[in-house]
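Number of protein chains: 4
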Amino acid sequence: MASVAPDRCERTLARSLVAETLGTGLLLAAVVGSGIMAENLTDDGAVQLLCNTLATGATLFVIILLFAPISGAHFNPAAGLAYVFAQVAGAIAGVWLAHAMFGEAVFALGVKPRAGAAQWLSEAVATFGLVLTILGTANRSREAIASAVALYIVAAYWFTASTSFANPAVTLARSLTPTFAGIAPMDAPAFMAAQFIGALAALTCSYAVLRQPD
Amino acid sequence: MASVAPDRCERTLARSLVAETLGTGLLLAAVVGSGIMAENLTDDGAVQLLCNTLATGATLFVIILLFAPISGAHFNPAAGLAYVFAQVAGAIAGVWLAHAMFGEAVFALGVKPRAGAAQWLSEAVATFGLVLTILGTANRSREAIASAVALYIVAAYWFTASTSFANPAVTLARSLTPTFAGIAPMDAPAFMAAQFIGALAALTCSYAVLRQPD
Amino acid sequence: MASVAPDRCERTLARSLVAETLGTGLLLAAVVGSGIMAENLTDDGAVQLLCNTLATGATLFVIILLFAPISGAHFNPAAGLAYVFAQVAGAIAGVWLAHAMFGEAVFALGVKPRAGAAQWLSEAVATFGLVLTILGTANRSREAIASAVALYIVAAYWFTASTSFANPAVTLARSLTPTFAGIAPMDAPAFMAAQFIGALAALTCSYAVLRQPD
Amino acid sequence: MASVAPDRCERTLARSLVAETLGTGLLLAAVVGSGIMAENLTDDGAVQLLCNTLATGATLFVIILLFAPISGAHFNPAAGLAYVFAQVAGAIAGVWLAHAMFGEAVFALGVKPRAGAAQWLSEAVATFGLVLTILGTANRSREAIASAVALYIVAAYWFTASTSFANPAVTLARSLTPTFAGIAPMDAPAFMAAQFIGALAALTCSYAVLRQPD
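Residue numbers (the numbering used here), protein chains in the order written: chain A, 36 to 249; chain B, 36 to 249; chain C, 36 to 249; chain D, 36 to 249.
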């Protein structure tokens, strides 16, 4: 029996890492790929973001439903640092996969400047709301969690000036694409800092103010 | 024991007030922010309203799911006057947050004229339907309530000439933005009056006609 | 006791009639109102129909969830003839309400020609699918029924050449609007005939072929 | 008793074949019909694909909910080869029905070239994700499966360069339409090969890596 438990443990950790890598990879393939598709098909900026929003929200619902029972479906260092290497690796692979699927150069750097106080405030607010949504639905059904997180991001793509990256691993990976969803690498660290501030604020708010009285 | 109950009571009231403020704030940030984003990205009025609709509906689903167990997730004086100050404060803060996230002047007044019999009828009908939806789903699961309220507003944004403010606190706060979702301050009181008439009609209809026989 | 039952019966019938009238009225207000709003805001025909689709689908979800426990939420003579007068009255009132909310002349006739074999085939197919959806989800939860019917109509607005009226009471009422969602009165009877043929085909298919073996 | 079982068996098989034919037929009518409608109404390529996406996703939700208890709601040889003839027959009938509903020539061939490594990678990835979604939600409620599959395809229409055919029977049938959703017949076999490779990869990944430890 003693020899079984470690093995199961390892297999479970391995499965979790695969799940976090695959899920974050699919998420980035969707974010970047749908941005390329949208830019190819229309010049209307709102329609482009609408298509990008739809693909991102739908993908989030699916990957949360699929991978929650395996790894918890985090896909985001701001929601727990345990899987950060798997998430970053998956995210970068997802960007490259999107490039390959659309016949673009696989390796590239982001070019879109995204900086300034308004952008950073947007990222802090976006991540605050995302982490609040995750903490506030933790006891609900998996379908409710998946719907809430997906719809939160659908909304936040539109109500923040930064289109809600809200995820440090996603931000890092999006600094590797010159397409619609990209960010200039030099602008990425400030985004990540703002995201951690937003996540911290949500944790504080949730545990200090909103949690059920004992 | 006697000293615990009041404390829990206060903490519960405090948590409810925070929940109503946060929820209404997020709602207004979404309504106003997505309107600014949409106006920045396209000149097509229908696409603008579509984006505004999507962000509003998605946010409503999320905030109802999140805050229903804490405060009941009203966010609307027409659905119960208990939290009116928290709702107004949250709503105004949400408008200002949206302005800040998009780098607009934080303090401003609405400029869009919204008046006349057709607009007032629209607000009465919009609020009638919203309150009917709230009352008619009271015994359903939280997910069903959140879906129904969100989808009702999604529809009502389109089938009323006023785009369904349907909420006096929201109306007041939207008189403080000159952007897509704004309303001229002088037009706000008539909107609120029409909303209370619609809410009253829904209460009457629901309790006198539709309620289950005893 | 004997005197209670009839009273409850009458109250239940009255409540059902109010529910069918209100529900069909809201549905038509949404169909016609969102069509007017969309035509006012864009010249892109696909965006117009997209907006009309969204409002119709969202409204269907809400009214089915709201009125199913009261009247069964039919809103359609093709799904049961019991409430046909309430449905027609509600549908016409809904069209007039939409006109009033948008400041249009309340009384009017449809002008859009919708005729020919392709249109009639479309209506038969649309109603076939709608009735199949209703029959096939009868044992599911109310939320599942509401989602399925709403999403069926969302799809059918797009995959039929007639944009899926699929409802004789709705067709009659839409012959009273010269706006986006209207139909010329002389074209309405053939639509209704096609709808009944489609409904009959679905009933036959469902009971003869698809029903569970005893 | 012995004479009842075979009869029930036959009836159940017949019902399954009808369900797979009807479901795949409705799916193709939706895919092709909404493509024709979208091309008729707008010149904006992104809006066209958005409409096509909406109709396809909504139809998938409905047919999975309807036919899952009868045949398992496969509609796709990549998800099990048992019903391949019914699926192909239904798919072709659906294409022809869409042509008839829009007054187009019923019999035709696809003309849109879809070939090259990027397209084939797209189909392999699209089918990989679809089969992973199907396997990963097998133990969830029917509503969750229907939502996950529909939303996966909604996303994949946008994040793959091929708009995710992800289904050999669908690919074959879409080689019979010269409209928006079509594919040139000579390009179909490579799509199908890529789809089977993607399906096989998903099966391997799911059983070797992701399955629950015993």
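Ideal Cβ placement from N, Cα and C applies to all residues, glycine included.
Beta-carbon neighbours of residue i, restricted to chain A and to distances below 7 angstroms
i              : result
residue 242(D) : Simply none; closest approach about 12 angstroms.
residue 168(D) : 97, 101
residue 84(D)  : 76
residue 125(B) : Ordered by position in chain A, no residue passes the 7 angstroms Cβ test against residue 125(B), which lies about 13 angstroms from the chain.
residue 133(B) : 194
Whole-angstrom distance between residue j and residue i, CA atom to CA atom
i              : j              : result
residue 208(C) : residue 130(C) : 7 angstroms
residue 29(B)  : residue 56(C)  : No answer is possible for residue 29(B): it lies beyond the span of chain B, which begins at 36 and ends at 249.
residue 52(C)  : residue 216(A) : 52 angstroms
residue 140(A) : residue 60(A)  : 18 angstroms
residue 133(D) : residue 226(C) : 18 angstroms
residue 148(D) : residue 97(D)  : 31 angstroms
residue 189(B) : residue 153(B) : 20 angstroms
residue 72(A)  : residue 193(C) : 22 angstroms
residue 243(B) : residue 102(C) : 15 angstroms
residue 161(B) : residue 201(B) : 6 angstroms
residue 223(A) : residue 210(A) : 7 angstroms
residue 245(B) : residue 234(B) : 15 angstroms
residue 118(B) : residue 155(B) : 25 angstroms
residue 172(A) : residue 180(A) : 6 angstroms
residue 203(A) : residue 230(A) : 7 angstroms
residue 143(C) : residue 63(C)  : 15 angstroms
residue 176(A) : residue 150(D) : 42 angstroms
residue 236(D) : residue 167(D) : 9 angstroms
residue 170(A) : residue 114(A) : 9 angstroms
residue 91(C)  : residue 187(C) : 11 angstroms
Residue-level contact to chain D via CB, residue i, 8 angstroms cutoff
i              : result
residue 80(A)  : no
residue 248(C) : The predicted position of residue 248(C) is uncertain, since its pLDDT is 45 and thus under 50; no value can be drawn from it.
residue 195(C) : yes
residue 16(A)  : The structure shown does not extend to residue 16(A), since chain A is modelled only from 36 to 249, so the question has no answer here.
residue 119(A) : no
residue 68(A)  : yes
Amino acids of chain B, ordered along the chain, whose beta-carbon sits closer than 8 angstroms to that of residue i
i              : result
residue 279(C) : One cannot answer for residue 279(C) here, as it falls past the ends of chain C, which runs 36 to 249.
Neighbour flag for residue i against chain C, beta carbons, 8 angstroms
i              : result
residue 65(D)  : yes
residue 122(D) : no
residue 164(B) : yes
residue 217(B) : no
residue 94(B)  : no
residue 210(D) : no
residue 230(B) : no
Residue i at chain B interface by Cβ criterion, 8 angstroms
i              : result
residue 107(C) : no
residue 100(A) : no
residue 186(A) : yes
residue 161(C) : no
residue 146(C) : no
Proximal residues of chain A, C-beta to C-beta of residue i below 8 angstroms
i              : result
residue 158(B) : The contacting residues do not exist; residue 158(B) stays about 23 angstroms from chain A at best.
residue 141(B) : The premise fails here: residue 141(B) is roughly 11 angstroms from chain A at the closest Cβ pair, so nothing lies under 8 angstroms.
Residue i at chain A interface by Cβ criterion, 8 angstroms
i              : result
residue 40(D)  : Confidence at residue 40(D) is low in this model, with a pLDDT of 47, below 50, so the placement of that residue should be treated as unreliable; the coordinate-derived value is given next. No, its Cβ sits nowhere closer than 8 angstroms to a Cβ of chain A.
residue 50(B)  : yes
residue 221(B) : no
residue 235(D) : no
residue 179(D) : yes
residue 23(B)  : Since the displayed chain B opens at 36 and closes at 249, residue 23(B) lies outside it and no answer follows.
residue 205(B) : no
residue 90(B)  : yes
residue 277(B) : This structure leaves residue 277(B) out entirely; chain B is present only between 36 and 249.
Contacts that residue i makes with chain A (C-beta to C-beta distance below 9 angstroms)
i              : result
residue 172(D) : 97, 100, 101
The ligand FAD heavy atom lying under 7 angstroms from the CB of residue i
i              : result
residue 219(C) : Of ligands this structure carries none, so the ligand FAD is not represented either.
Chain-ordered chain B contacts of residue i [CB-CB under 7 angstroms]
i              : result
residue 137(C) : 153, 196
Listed by chain order, chain D residues near residue i by CB distance under 9 angstroms
i             : result
residue 72(A) : 81, 84, 192, 193, 194, 195, 196, 198
Chain-ordered neighbours of residue i on chain D, where CB pairs are closer than 8 angstroms
i              : result
residue 130(A) : Within 8 angstroms Cβ-Cβ: nothing; residue 130(A) doesn't reach chain D, min ~12 angstroms.
Cross-chain neighbours of residue i in chain C, by beta carbon under 8 angstroms
i              : result
residue 245(D) : Within chain C, no residue comes near residue 245(D); the closest Cβ sits about 28 angstroms away, beyond 8 angstroms.
residue 183(B) : 96, 97, 100, 101
Three or more C-beta pairs below 8 angstroms linking the stretch 59-69 of chain D and the stretch 115-134 of chain D: Yes, the stretch 59-69 of chain D is in contact with the stretch 115-134 of chain D.
Evaluate contact between the stretch 73-85 of chain A and the stretch 74-81 of chain B, counting only Cβ atoms and requiring at least three cross-stretch pairs below 8 angstroms. A contact exists between the stretch 73-85 of chain A and the stretch 74-81 of chain B.
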